[in-house]
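What follows is a short report on a single structure.
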Amino acid sequence: MEDNTTDNRAPDEFVRELTRTQNRLYGFVRCLLFDPKDIDDVLQDVNVVLLRKHDEFEMGTNFWAWASTIARFQVLTYCKRLGRDRLVFDDSLLELIALDVREMGSEIDDRMEVLQGCMEKLPTPQRQLLSMRYEPDSSLRLIAESLDRTVGSVRQALFRIRESLLGCVQQKLKAS
1 MEDNTTDNRA
11 PDEFVRELTR
21 TQNRLYGFVR
31 CLLFDPKDID
41 DVLQDVNVVL
51 LRKHDEFEMG
61 TNFWAWASTI
71 ARFQVLTYCK
81 RLGRDRLVFD
91 DSLLELIALD
101 VREMGSEIDD
111 RMEVLQGCME
121 KLPTPQRQLL
131 SMRYEPDSSL
141 RLIAESLDRT
151 VGSVRQALFR
161 IRESLLGCVQ
171 QKLKAS
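Using full-length UniProt numbering, read the sequence shown as starting at 1 and increasing by one per residue.
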């Protein structure tokens, strides 16, 4: 039996790239729009366009540059549609903001990579304590109870860990 349907699904590698950049795309759109509903609508439109145009992207090239360009155009299109209904930014201002956000995005990625490297150098107990602190519904009191420590000692340990990470990140960024 022959299948006459065209397989228009995005390749797995493309979907992985798209998934990896979702938070960054959200942040990018959020810098250009303010209403959470508008942000969600535009991000959904961006994802639809990215998936529809997946065959135009050349794997191995800069996915973020391609995706953020599409996101920028989707924001501009959305703002033009809303232009009659409410106050929106001028296109040239949106372009300037988008350019700044795109440039900051790669800097943030670099810093996150450095931070990850610094975190890997922490002793296991410190990494575990830091991880516990950033779990959902975490509190200093709960962590202190689970470790049989005082809240003050947990707070101080976290302060020292963060201070150590900050020093490590600053040193690595200065060296590069």
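Using N, Cα and C, we set each Cβ at its ideal position, and we do this for glycine too.
ask   = Using the C-alpha atoms, what's the distance from residue 50 back to residue 131?
value = For this step, residue 131 is matched to residue 131 along the sequence shown. For this step, residue 50 is matched to residue 50 along the sequence shown. Each residue's CA atom was taken as its position, placing residue 131 and residue 50 some 34 Å apart.
Secondary structure of residue 154, DSSP reduced to three states = For the purposes of this step, residue 154 is taken as residue 154 along the sequence shown, with counting starting at 1. Assigned with DSSP and collapsed to three states, residue 154 falls in helix.
query = Helix, strand or coil for residue 34 per DSSP?
reply = For the purposes of this step, residue 34 is taken as residue 34 along the sequence shown, with counting starting at 1. In the structure shown, residue 34 sits in coil (DSSP, three-state: anything other than H, G, I, E or B).
request  = Assign residue 108 to buried or exposed, taking buried as 16 or more other Cβ atoms, counted over all protein chains shown, within 10 Å of its Cβ.
outcome  = Here residue 108 is taken as the residue at index 108 of the sequence shown, counted from 1. Around the C-beta of residue 108, fewer than 16 other C-beta atoms lie within 10 Å, and the residue is accordingly described as exposed.
request  = Classify residue 65 as buried or exposed, calling it buried when 16 or more other Cβ atoms lie within 10 Å of its own Cβ.
outcome  = As a first step, residue 65 is located in the sequence shown; it is residue number 65 there, counting from the start. With fewer than 16 other Cβ atoms within 10 Å, it is exposed.
request  = Quick one: using the 10 Å Cβ neighbour count with 16 as the cut-off for buried, is residue 170 buried or exposed?
outcome  = Looking up residue 170 in the sequence shown gives position 170. Using a 10 angstroms sphere on the CB of residue 170, the tally of other CB atoms stays under 16, which defines it as exposed.
ask   = So residue 63 and residue 21 are in contact, right, with Cβ under 8 Å, and what is the actual spacing, rounded?
value = Numbered from 1 along the sequence shown, position 63 holds the residue referred to as residue 63. Numbered from 1 along the sequence shown, position 21 holds the residue referred to as residue 21. Between the beta-carbon of residue 63 and that of residue 21 there is about 6 Å, and that keeps the pair under the 8 Å contact cut.
key: Element boundaries [alpha helix (DSSP H), containing residue 178]   = A query on residue 178 cannot be resolved here, the shown segment of the chain reaching from 1 to 176 and no further.
message = With a threshold of 8 Å between beta-carbons, can residue 22 be considered close to chain D, or not?
response = Judged by its chain identifiers, the structure shown contains no chain D, having just a single protein chain.
query = Just how far apart, CA to CA, sit residue 76 and residue 117?
reply = Here residue 76 is taken as the residue at index 76 of the sequence shown, counted from 1. Here residue 117 is taken as the residue at index 117 of the sequence shown, counted from 1. Their Cα atoms are separated by approximately 37 Å.
request  = Tell me where the alpha helix (DSSP H) around residue 146 begins and ends.
outcome  = Counting from one through the sequence shown, the residue named residue 146 turns up at place 146. DSSP places residue 146 inside the alpha helix (DSSP H), whose first and last residues are 140–147.
task = Please state whether DSSP places residue 122 in a helix, a strand or coil.
result = Taking the sequence shown and counting its residues from 1, the one referred to as residue 122 is at position 122. If DSSP states are grouped into helix, strand and coil, residue 122 belongs with coil.
message = Mapping the DSSP letters down to three states, classify residue 26 as helix, strand or coil.
response = As a working note, residue 26 is residue 26 in the sequence shown. Assigned with DSSP and collapsed to three states, residue 26 falls in helix.
request  = Go ahead and pull the three-state DSSP assignment for residue 163.
outcome  = Reading the sequence shown from its first residue, position 163 is the one you call residue 163. It is helical.
key: Within 8 Å, strictly: CB atoms of residue 119 and residue 166   = As a working mapping, residue 119 is identified with position 119 in the sequence shown. As a working mapping, residue 166 is identified with position 166 in the sequence shown. Cβ distance not < 8 Å, so residue 119 and residue 166 don't count as in contact.
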